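Protein chains: 2
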Amino acid sequence: MHISEATRCRVRNIINESGYISNSIARGLKLRKTYTLGFILPDITNPYFSEIARGIEDTARHHQYSVIFCNTDDTLNIEQRTLELFKSKMVDGIIFSHVLSGAEKYDLSSVGDTPFVIIDRCMNQEAKRNLGAYGEVYVNTAEAIYDATMRLFQSGCRNIACITAVEGEKYSRYNGYRKALTDKNIVYAEELVYLNEFSVKTGVDGMKAILNVRTDVDGVVCGNDLIAIGVLDVLRERQIAIPEQIRVIGMDNILFSNFTVPRLSTIAQPAYEMGKAAADMLINHIEYHMPLYAKTFAHSYVARETV
Amino acid sequence: MHISEATRCRVRNIINESGYISNSIARGLKLRKTYTLGFILPDITNPYFSEIARGIEDTARHHQYSVIFCNTDDTLNIEQRTLELFKSKMVDGIIFSHVLSGAEKYDLSSVGDTPFVIIDRCMNQEAKRNLGAYGEVYVNTAEAIYDATMRLFQSGCRNIACITAVEGEKYSRYNGYRKALTDKNIVYAEELVYLNEFSVKTGVDGMKAILNVRTDVDGVVCGNDLIAIGVLDVLRERQIAIPEQIRVIGMDNILFSNFTVPRLSTIAQPAYEMGKAAADMLINHIEYHMPLYAKTFAHSYVARETV
DNA sequence: ATGAAAGCGCTAACAT
DNA sequence: ATGTTAGCGCTTTCAT
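Note that the protein sequences, when read in sequence, are chains A and E.
7 is the number of the first residue of the first sequence in our numbering; add one for each residue after it.
7 is the number of the first residue of the second sequence in our numbering; add one for each residue after it.
See the structure below:
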């Protein structure tokens, strides 16, 4: 439809003067498109996820999308309800980090045909059934922890502990640790492993528990940097020299990992880039029907002072 | 309207079986109520704000509200556009941390009659004009930094530096520092002050700059913990003993401030509680017409190892 | 107790 | 080039 420049200008003026702002709720209802993305995550307070969130929101904003978020604390119930909420709010796409365990009972039916991309975590085979296309953005964390463990071996460690969260099968950090042991022909010792959640507290509790049983630990692989911070704290209290007596390696490369004492050696995940990639993939799919796919980011070792 | 229990049950069954989920966009258009809150903040990556965000989202979710967020990086332009976006999306209320400087040119007209509460930052007098009622949730940070500076004096410091961000007049941390100096009859020395932004980089740059000019510094008040982390890092590199040679005090009490070496003494702000209070106030206003008001949270000193 | 219809603000198709 | 209208899915008012 052609509109004269004069009219166009006149209308623009009226709009500016009257302070009129079009109603995108009505627009969304009519167009069946709301220009909003839903983001489900465990906890925005976790620096790794807030970095991802920033990547998502920045990207979304550049494409005129906005993002609505919800913390699940890895609670299946909250996640399911949020999926329904997002459906109800007609989000154009969903980005989510689904719950770690219990994923096999996963019911994604409420997402309907809303395109989604899973970030940071992989969906296991059972849950994939009856699912349409979806995207994935992740780092192969099993490989990452395998590498981390190997680095500890190469630095001379023999009794390597592993403190991480319980996860699903695929890309489980714990499995990466196990594989490294196997490849090195080291017998697995249950008392060197502490599995709980991705938090500082887990690092503290885990390190203490392990030290109570084994005094010969000379290396610790941590599931993420938060855990590593807890580990470092316990080691400092016990005046155990790092890396001389015990070497520690973390994962994520959160901002703060560069400011621990000694500075934490860690496996970096490009969190901001991952968030950006997820949002880009989703928006490209929504706007131009580009296919959703699995995108794996490489991890990288950041050598600092604890290995 | 009365509905028989039988009918009610029959309908419920059909709903469950068919997987029907009501469309809240349509509902929102009709009711002029979307059950969503907008949250404008500088940067979700800042632990202080992610803590606030968590408080807001948790509270909102408990009241069946969801929250849409936007990072402004303290850019007036992005903030203005987001305000318009929120209006367009018919959010029921807005919570925001507005830009630090340039607030006097503030144009809040696009919020219209959407209720809002300002968090963490105070609106100056100019901007307040022509504004309806609004809420405020904050800590008197000028007083907090005044206290912090006084504590340093009481610990024996004489040459106290101040590294913080540039802010508006009211509750400015810098002013708190100035007032402490005045009350102690200490002459103000410009070379002891570094003003930039609330980041680790500012702490690093500021500490280096000040140390270059003054070697007799014996205390540093930091505008927030991020800055303090940068300061601690420089001091460790220069092998300056903390607190023996230089005492450092931070502000916010972010999770990580408890894991620096030495552990950072800081002024705590109850970030989560503040987010919760803001969301509660807003929702109570929306649902029950409770008045919006200014709520001040007390700061508190967390004694650790750097003072 | 149940059904019908109007209208929230917008867009797209159609008529002038 | 401009004006009119139907309908997105919901709630509410009014009829039956």
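Every residue gets a Cβ at the ideal spot worked out from N, C-alpha and C, and that includes glycine.
Please read these numbers as outputs of a predicted model, since none were measured by experiment.
query, result
"Using a Cβ-Cβ distance cut-off of 7 angstroms, determine whether R60 of chain A contacts chain E.", "yes"
"If you draw a straight line from the C-alpha of G229 of chain E to the C-alpha of Q275 of chain A, how long is it?", "30 angstroms"
"Under the three-state reduction of DSSP, which class applies to E142 of chain E: helix, strand or coil?", "strand"
"Could you say if the segment 194-211 of chain A and the segment 166-181 of chain A meet the contact criterion of at least three C-beta pairs nearer than 8 angstroms?", "yes"
"Nearest to N290 of chain E by alpha carbon, out of E:Y41, E:A32, E:G34, E:I31?", "E:Y41"
"Short check: CB of C128 of chain E to CB of Y54 of chain E, under 7 angstroms?", "no"
"Quick one: residues in its chain with C-beta nearer than 6 angstroms to the C-beta of E142 of chain E, no 5 flanking neighbours on either side, listed in chain order?", "I124, A300"
"Just by C-beta distance, which residues in the segment 43-75 of chain E are closer than 8 angstroms to chain A?", "D49, I50, T51, P53, S56, E57, A59, R60, E63, D64, R67, S72, V73, I74, F75"
"For the segment 114-130 of chain E, which residues have a beta carbon sitting closer than 9 angstroms to at least one beta carbon of chain A?", "S115, S116, G118"
"Helix, strand or coil: how does DSSP classify Y307 of chain A here?", "strand"
"Which class does I216 of chain E belong to by DSSP, given the choice of helix, strand or coil?", "helix"
"What does V325 of chain A reach in chain E if we use C-beta pairs closer than 8 angstroms?", "Lying outside 7 to 313, the shown extent of chain A, residue 325 of chain A is not represented and no answer is given."
"Compute the distance between the beta-carbons of I100 of chain E and F122 of chain E, then report whether it is under 7 angstroms.", "yes"
"Measure the C-alpha to C-alpha separation of N191 of chain E and A154 of chain E and round it to an integer number of angstroms.", "17 angstroms"
"With 16 as the cutoff for other CB atoms within 10 Å, does S271 of chain A come out buried or exposed?", "buried"
"Find the residues of chain A that neighbour T40 of chain E, judging by a C-beta separation of less than 9 angstroms, and give them in chain order.", "I31, K95"
"Can you tell which of A:I84, A:I58, A:L37, A:S24 has the C-alpha that lies nearest to the C-alpha of A283 of chain A?", "A:I58"
"For a contact defined as C-beta to C-beta under 9 angstroms, what are the partners of E90 of chain E on chain A?", "I27"
"From what residue to what residue does the beta strand (DSSP E) around Y200 of chain A run?", "199-202"
"When the distance is taken between beta carbons, is A277 of chain A closer than 7 angstroms to V254 of chain A?", "no"
"Whose C-beta lies closer than 8 angstroms to the C-beta of E293 of chain E among residues of the same chain, with five residues either side of it excluded?", "H69"
"Can you grab the Cα-Cα spacing for the pair F92 of chain A / T147 of chain E, in whole Å?", "38 angstroms"
"Is there at least one Cβ from chain E nearer than 7 angstroms to F204 of chain A's Cβ?", "no"
"With DSSP collapsed to three states, give me the class of V73 of chain A.", "strand"
"Tell whether a beta-carbon distance below 7 angstroms holds between H295 of chain E and V145 of chain E.", "no"
"Thinking C-alpha only, which one of E:P48, E:V73, E:A66, E:D98 is nearest L82 of chain E?", "E:P48"
"Mind checking D113 of chain A: buried by the 16 CB within 10 Å criterion, or exposed?", "exposed"
"How would you label I46 of chain E, buried or exposed, when you count the other beta carbons within 10 angstroms and need 16 or more for buried?", "buried"
"Can you confirm whether V83 of chain E, when its beta carbon is compared against all beta carbons of chain A, has any partner nearer than 7 angstroms?", "Sequence inspection shows Asn at residue 83 of chain E; the Val mentioned does not correspond to that position. Cβ-Cβ to chain A under 7 angstroms: no for N83 of chain E."
"Which stretch, first to last residue, makes up the alpha helix (DSSP H) that contains V92 of chain A?", "A small correction: the amino acid at residue 92 of chain A is Phe; Val does not occupy that position in the sequence shown. 82-94 is the span of the alpha helix (DSSP H), which, as asked, contains F92 of chain A."
"Counting Cβ pairs, one atom from each stretch, are 3 or more of them under 8 angstroms apart for the segment 60-69 of chain A and the segment 28-38 of chain A?", "no"
"Please look up how many angstroms separate the CB atoms of D189 of chain E and V210 of chain E, rounded, as I've assumed it's under 8 angstroms.", "In fact, because the Cβ distance is near 30 angstroms, the residues do not count as touching under 8 angstroms."
"What's the call for A195 of chain A, buried or exposed, on a 16-neighbour Cβ count within 10 Å?", "exposed"
"So which residues on chain A does F262 of chain E lean against when the C-beta distance must stay under 7 angstroms?", "F262"
"Going along chain A in order, which residues have a C-beta closer than 7 angstroms to the C-beta of G34 of chain E?", "I31"
"Using 7 angstroms as the limit for Cβ to Cβ distance, is D98 of chain A near chain E?", "no"
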